[in-house]
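Trainee: Handing you a structure now.
Chains as they are written, first to last, in this note's numbering: chain A, 1 to 314; chain B, 315 to 825.
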């Protein structure tokens, strides 16, 4: 077979589709980590977002309402994480693992109770609309091509717009400066009258909101039903994207796209008999992450105080 | 109180109390600072100076007492309140975000805004003007972690001034500076005083007090002992007030004729890795059988590092350590233990004990390789138990049970566990670093008793303590450490508290 069958417009389109939930979650991860809280509960929050995005749409028939349900579910779970880590100073990883198990159990249970199903909800629900950019089609030659690539759902556009918004917030605003200072040195922020806990809450809640939206993208944005454990590790992958993207919104966009590209490539190569097994492509981004974390190339250093509870010293 | 009718005090703290769990850190302290003066607050480490200032800055809230700023009673609940009342603090450990640049560090918490944005341009102009008034320039774009400490301190000062502070608290500002930088700092402080600022300077260096202060308040054990104008006092008086003399225990060690030389230290030095600071500077001494050598000094003058060098926790940059003529300078902790050095570390909870382990296990750590306690693979639990019971009885550890975790014990009994474990090594040399810190009188007496008994049995003991009383009570000879160097030596009978105090506080005897 020729590689031309694989490297085509569909691959590009799929890359963006695959990258979107990662990007939304990773942007959330940037806010959480930059303000000092490690949030591995993102995995569970995606599950919740996916489930409540589906359920909200199922009961109202309105996928827009589904998005709101998904985000609300994400905020609720992340609120627990914030209370436990910022107020009660519990180890961030312990809280994250507990919440992931909770979300896994809860979505499985609700699936049985509400939809009488073990593995996946049988009924399809309404999908979010596809938005085409009107003038693209009119461009000669490349127009139809671009149109095919960029006809995407609203959450996809949201994710990429949020990259610019996040960058502005973190680099230019007062909120962003305080955010960064809390993640780097909370005792300093505290000594200057910056309230540490509210900033940490804000970071974690933003991550919950965005990871919830990422979950909605999986159900009502990509495929119209809920499958148990459908988050498939995207929460963790997003955290790898945060590291690879050096805790910067733009960096996170590129790393999410890179992950999305390799995943789509692996998908497309499946069953084609291509010489390199597709699992290699699934593996590549993680190997790259490890190399970056280990400082061999492009050293990446996270917020100094991320993942440590801030307890005022005596 | 006539003064408060006309011009109120800039700062007035009355009968202020702060307690941390069991420790009374500030004990009904009074502090009155006049507007526009440089007011030094002095005292030994742990005297409560920093805590008192942190109460004034709202970092802690006082349990009781009154704080008035320019005559107005203020409830200091958090630093924001203090800042709003014109108080600024330069902390001993700089409060800077290492990965932000100087500009962002200065404006953090008080950012000028333009719409949603931080108006960095306006901030830059303002800060450049402030720095100009003080006579220096700072690269505002540089990340703070790349700047030398002297510059970091300037950034701290700018931070405080940027907030419009009229009352400046500086917590041991010279501790990290070179002598030139100290001169520069003092020049800046004088400029600030001319601008009408009130400055509170925390220090334990008498030289600095004499150089710059108008009035001095002395603290000891959480209490404010006395406030005097600088011009009507002397270094000697201040030194006596600071170190004081509280005879708690009337112990008179029986005379023992020191025997052979056991521990010899020659020219021992330690340089801080990656910096020019010398922490231990050419220290030489020897200790004989049946002798307690006391090392006096204000904390942070190299004593802890010396203890670490002697016990193998740190390796020296240069110099020699010998046990009965055998060189052990670079030996590991284990090698040093085998050659007969035992250690009562200053930090009981982190270095001395594994708090979660039982008394028995804590008594066994370090002895676990002895053939009577351990086979090739398995510990001989029965023998360990018998040994533990014996030590618990001998050292009167309470409760007399080997299975309770160390954290259930009182501080005194925890210390007994350590003393029992270390003396059971039958060491040649015992390095006891702050062996009675935080203990009550009964437990203190108990530790003293064991140290003296070990001495009478002919062991060589190095006693490091910040409590001069303790040193004077127990030592046969006394060395004074200042800035990493030995600056004085006294035989027991010649020990003079004022002389030792001056050496501890300024490194030389003459006022």
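By construction, the Cβ of each residue, glycine as well, lies at the ideal position given by its N, Cα and C atoms.
Taking all protein chains shown into account, decide if residue 314 of chain A is buried (16 or more other Cβ within 10 angstroms of its Cβ) or exposed.
Mentor: Since pLDDT at residue 314 of chain A reaches only 46, below the 50 mark, its modelled position is unreliable, and the value read off the structure follows with that caveat. Its Cβ having fewer than 16 others within 10 Å, residue 314 of chain A is exposed.
Trainee: Would you call the CB atoms of residue 26 of chain A and residue 252 of chain A closer than 7 Å?
Mentor: Yes, these two residues count as a Cβ contact at 7 Å.
Trainee: Looking at chain A, is there any beta carbon in it that lies within less than 7 Å of the beta carbon of residue 463 of chain B?
Mentor: No, residue 463 of chain B does not count as interfacial toward chain A.
Trainee: Thinking C-alpha only, which one of A:200, A:187 and A:56 is nearest residue 73 of chain A?
Mentor: Checking every option, the nearest Cα to that of residue 73 of chain A belongs to A:56.
Trainee: Secondary structure at residue 341 of chain B, three-state DSSP: helix, strand or coil?
Mentor: In this structure, residue 341 of chain B counts as strand in the three-state DSSP scheme.
Trainee: How would you label residue 805 of chain B, buried or exposed, when you count the other beta carbons within 10 angstroms and need 16 or more for buried?
Mentor: Result: exposed.
Trainee: Please indicate yes or no: does the CB of residue 811 of chain B lie closer than 6 Å to some heavy atom of the ligand COA?
Mentor: You won't find the ligand COA in this model; it holds no ligand whatsoever.
Trainee: Once DSSP output is grouped into helix, strand and coil, what is the label at residue 217 of chain A?
Mentor: Helix at residue 217 of chain A.
Trainee: Assign residue 353 of chain B to one of three DSSP states: helix, strand, or coil.
Mentor: Strand at residue 353 of chain B.
Trainee: Residues in the segment 184-213 of chain A with C-beta within 9 Å of chain B's C-beta atoms, listed in sequence order?
Mentor: So the list reads 184, 185, 187, 188, 189, 190, 191, 192, 193, 194 and 195, given in the order they occur along the chain.
Trainee: Taking 8 Å as the cut-off, does the segment 596-612 of chain B touch the segment 763-774 of chain B (at least 3 CB pairs, one atom from each stretch)?
Mentor: Yes, the segment 763-774 of chain B touches the segment 596-612 of chain B.
Trainee: Give the straight-line distance between the Cα atoms of residue 41 of chain A and residue 81 of chain A, rounded to the nearest whole angstrom.
Mentor: The alpha-carbon atoms of residue 41 of chain A and residue 81 of chain A are separated by roughly 8 Å.
Trainee: Show which residues of chain B have a CB atom less than 9 Å away from the CB atom of residue 163 of chain A.
Mentor: None at all; the shortest Cβ gap to chain B is about 17 Å.
Trainee: Report the three-state DSSP secondary structure of residue 556 of chain B (helix, strand or coil).
Mentor: It is helical.
Trainee: Kindly list, in the order they appear in chain A, the residues whose Cβ is closer than 7 Å to that of residue 381 of chain B.
Mentor: Under the 7 Å cutoff, chain A gives no residues; its nearest Cβ is about 17 Å from residue 381 of chain B.
Trainee: If we cut at 7 Å on Cβ distances, does residue 423 of chain B have a partner in chain A?
Mentor: By this cut-off, residue 423 of chain B is an interface position.
Trainee: Which residues in the same chain have their Cβ closer than 7 Å to the Cβ of residue 611 of chain B, if we skip the five residues on either side of it in sequence?
Mentor: The answer, listed in chain order, is 617, 794, 795, 796 and 818.
Trainee: Verify the CB distance criterion: does residue 409 of chain B have a CB-CB separation below 7 Å to chain A?
Mentor: So yes, residue 409 of chain B belongs to the interface.
Trainee: Among B:340, B:374 and B:384, which has the Cα closest to the Cα of residue 320 of chain B?
Mentor: Per the Cα distances, B:384.
Trainee: Quick test of your reading: residue 229 of chain A and residue 262 of chain A, contact by CB under 8 Å. State the CB separation rounded to the nearest angstrom.
Mentor: The Cβ separation is near 21 Å, so there is no contact.
Trainee: For the segment 164-176 of chain A, enumerate the residues whose C-beta is nearer than 7 Å to any C-beta of chain B, in chain order.
Mentor: If the cut-off is 7 Å between Cβ atoms, the segment 164-176 of chain A has 172, 173 and 174 near chain B.
Trainee: Short of 7 Å in beta carbon distance, which residues of its chain neighbour residue 728 of chain B, apart from the five on each side in sequence? Order them along the chain.
Mentor: Same-chain partners within the cutoff: 662, 667 and 720.
Trainee: Quick check on the burial criterion: 16 or more other C-beta atoms within 10 angstroms. Buried or exposed for residue 622 of chain B?
Mentor: Result: buried.
Trainee: Using a Cβ-Cβ cut-off of 7 Å, state whether residue 393 of chain B counts as contacting chain A.
Mentor: Yes, contact with chain A.
Trainee: Looking at the C-beta of residue 338 of chain B, does it have a partner C-beta in chain A at a distance below 7 Å?
Mentor: Not closer than 7 Å to any Cβ of chain A, the Cβ of residue 338 of chain B fails to qualify, so no.
Trainee: Give a yes or no on whether the C-beta atoms belonging to residue 732 of chain B and residue 658 of chain B are separated by under 7 Å.
Mentor: Result yes, Cβ atoms of residue 732 of chain B and residue 658 of chain B sit closer than 7 Å.
Trainee: Under the DSSP definition of a beta bridge, which residues are partnered with residue 398 of chain B?
Mentor: Answer by DSSP bridge pairing: none, since residue 398 of chain B is not bridged.
Trainee: Does any residue of chain A bring its CB to less than 7 Å from the CB of residue 313 of chain B?
Mentor: As shown, chain B starts at 315 and ends at 825. That puts residue 313 of chain B outside it, with no answer to give.
Trainee: Say whether the segment 739-751 of chain B touches the segment 643-658 of chain B, bearing in mind that this needs 3 or more beta-carbon pairs closer than 8 Å, one atom from each stretch.
Mentor: Output reads yes: the segment 643-658 of chain B touches the segment 739-751 of chain B.
Trainee: Looking at the unbroken alpha helix (DSSP H) that takes in residue 294 of chain A, where does it start and where does it end?
Mentor: Neither: residue 294 of chain A is in no alpha helix (DSSP H) and is coded neither H nor E.
Trainee: Where residue 316 of chain B and residue 481 of chain B are concerned, what is the direct C-alpha to C-alpha distance, given to the nearest angstrom?
Mentor: Its pLDDT being 44, under 50, residue 316 of chain B is placed unreliably by the model, and the measurement read from it follows with that caveat. Cα-Cα distance, rounded: 22 Å.
Trainee: Measuring alpha carbon to alpha carbon, tell me which of B:642, B:337, B:461 and B:691 ends up nearest residue 577 of chain B.
Mentor: Nearest option by C-alpha distance: B:642.
Trainee: Starting from residue 181 of chain A, find everything on chain B with Cβ-Cβ shorter than 7 Å and list it in chain order.
Mentor: Per Cβ cutoff of 7 Å: 411, 414 and 422.
Trainee: Is residue 21 of chain A closer than 7 Å to residue 214 of chain A when the C-beta atoms are compared?
Mentor: A contact, by the Cβ cut-off of 7 Å.
Trainee: Check this for me: beta carbons of residue 15 of chain A and residue 260 of chain A, under 7 Å apart or not?
Mentor: A contact, by the Cβ cut-off of 7 Å.
Trainee: Compare the beta carbon distance of residue 379 of chain B and residue 330 of chain B with 7 Å and say whether it is the shorter of the two.
Mentor: Contact: yes.
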